[in-house]
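Q:
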Amino acid sequence: MPSVNSGEKRSFNPSTVFLQQSVFSNHFDHLVASVELKNEPKNVATSQKNKPGFSLIECLLSLTLSLLIFIWALEIFSLSKKVFYRLKEEQETILAAVTALEKIREDLETAGAGLLPSGKNFGLAPLTADSGNLLMFSKEKKLTVAAGIEANQNFLIIVPDSDSSSSLRKGRALLIKDNQRGEVVYITGFSDNRLTVSPALVESYSASESEVLLLEKIEIYFDEKQKILRRRVNDTSGQPLVEGVNNFAAFYDPGKNLVQIILGLNQPEEESYELVFYPKNTTKS
82 MPSVNSGEKR SFNPSTVFLQ QSVFSNHFDH LVASVELKNE PKNVATSQKN
132 KPGFSLIECL LSLTLSLLIF IWALEIFSLS KKVFYRLKEE QETILAAVTA
182 LEKIREDLET AGAGLLPSGK NFGLAPLTAD SGNLLMFSKE KKLTVAAGIE
232 ANQNFLIIVP DSDSSSSLRK GRALLIKDNQ RGEVVYITGF SDNRLTVSPA
282 LVESYSASES EVLLLEKIEI YFDEKQKILR RRVNDTSGQP LVEGVNNFAA
332 FYDPGKNLVQ IILGLNQPEE ESYELVFYPK NTTKS
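Under this note's numbering, think of the first position of the sequence shown as 82, with each following residue one higher.
#1: If contact is defined by three or more beta carbon pairs under 8 Å, each pair taking one atom from either stretch, is the segment 306-313 in contact with the segment 325-332?
#2: Go to Ser219, then tell me how far its beta strand (DSSP E) extends in each direction, as first and last residue.
#3: By Cβ distance below 7 Å, which residues in the same chain neighbour Tyr286 in space, the five residues on each side in sequence not counted?
#4: Nearest-angstrom Cα distance between Leu148 and Tyr166?
#5: Since Ile185 and Ile301 should fall inside the 8 Å C-beta cutoff, what is the C-beta to C-beta distance between them, to a whole number of angstroms?
#6: Just reading off the beta strand (DSSP E) that Ile257 is part of, what are its end residues?
#7: Taking the beta carbon of Ser161 as the centre, do at least 16 other beta carbons fall within 10 Å, making it buried, or is it exposed?
#8: 8 Å is my cut-off, CB to CB: does Gly252 come that close to chain C?
#9: Out of Asn347, Pro241, Ile239 and Phe218, point me to the one whose CA is closest to Val314's CA.
#10: Excluding five sequence neighbours on each side, which residues of the same chain lie with their C-beta closer than 7 Å to the C-beta of Ala178?
#11: Would you kindly work out how many angstroms separate the C-alpha atoms of Leu141 and Glu170, rounded to a whole number?
#12: For the beta strand (DSSP E) holding Thr209, just list the boundary residues, first then last.
#13: Would you identify the three-state DSSP class for Thr174, choosing helix, strand or coil?
#14: Helix, strand or coil for Leu339 per DSSP?
#15: Have a look at the DSSP bridge pairing and note the partners of Ser353.
In structure tokens:
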């Protein structure tokens, strides 16, 4: 074993010292990086935890306000729907009343058409009205008589035309007249050219001087049981003009020749509709 001289001087190498410092520095950087990587998730979690958010009370308040707004909007929608349907019902009722009164006005325009001047209709009133009924007569067509008519006779011999079988039905009204007299009878049957009537004729009429008029009868009446205003033409069944009627009144003043119609309909609140009309044909009937 070689002897070591304690008194020998060791030489200083700078490159060796630099290499040792570099290794130490690299090791320290690696250690710091490892510590940062280990601490990074914790720092991220801490930063996320510190972010601002909604508390439970805030969430409950927002849900409560949203629910109140929804309920309020639902109430507004329901109210708007009720108002819409109420206005719609009122408009439909007004339209029905106006339509019914317009139809009555059209019938009043034909009342007395084709009949004789005043005083020569021999007991036939072209227009009559009471509290719940309105009755109108007008000329539909003239029949040709083939033979004279004797008093107490209950039939007529006529010249039939193409629509005699459809128009000369049971219950139709006839006005038989000449220049001096006249009367109203009703058809009870028709066969070939023989027309039976009731009641039996009171007067005699010659075939050349007499006229036989087939009358159209229109009746407006109130069906109180079903609350319907009906219109009946001749012997047909009454057809409804308007439903939901509360009251109906008809008045006629022959002196002024004015007709007044009052129609009351059932609505949320009772409404009355009125028609005042001047029937031009009755001034000369």
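Ideal Cβ placement from N, Cα and C applies to all residues, glycine included. Predicted, not measured: the structure shown is a model, and the values here were computed from it.
A: Looking at the coordinates:
#1: yes
#2: One-based indexing of the sequence shown puts residue 219 at position 138. From DSSP, the beta strand (DSSP E) with Ser219 extends over Asn214 to Val226.
#3: Reading the sequence shown from its first residue, position 205 is the one you call residue 286. Cβ within range, chain order: Gly229, Ile230, Ile257 and Asp259.
#4: Counted from its first residue, the sequence shown places residue 148 at position 67. Counted from its first residue, the sequence shown places residue 166 at position 85. Using only the alpha carbons, I get a separation of about 27 Å.
#5: Residue 185 sits at position 104 when you count from the first residue of the sequence shown. Residue 301 sits at position 220 when you count from the first residue of the sequence shown. Their Cβ separation, rounded to whole angstroms, is 6 Å, which keeps Ile185 and Ile301 in contact under 8 Å.
#6: Along the sequence shown, one-based indexing puts residue 257 at 176. It spans Ala254 to Lys258 - the beta strand (DSSP E) in which Ile257 sits, taken as one unbroken run.
#7: Translated into positions along the sequence shown, residue 161 becomes position 80. So Ser161 ends up on the exposed side.
#8: Of the protein chains in the structure, only one exists, and it is not chain C.
#9: Position 233 of the sequence shown holds residue 314. Taking only the C-alpha atoms, the option nearest Val314 is Phe218.
#10: Taking the sequence shown and counting its residues from 1, one reaches residue 178 at position 97. The residues are Val323, Leu344, Leu346 and Tyr354.
#11: As a position in the sequence shown, residue 141 is number 60, starting the count at 1. As a position in the sequence shown, residue 170 is number 89, starting the count at 1. Straight-line Cα distance between these residues: approximately 44 Å.
#12: Translated into positions along the sequence shown, residue 209 becomes position 128. Element bounds for Thr209: Leu208 to Ala210.
#13: For the purposes of this step, residue 174 is identified with residue 93 of the sequence shown, where counting begins at 1. DSSP places Thr174 in helix when its eight states are reduced to three.
#14: Counting from 1 along the sequence shown, the entry for residue 339 is found at position 258. Strand at Leu339.
#15: Within the sequence shown, residue 353 is the residue found at index 272, counting from 1. Ser353 is bridged to Gly345.
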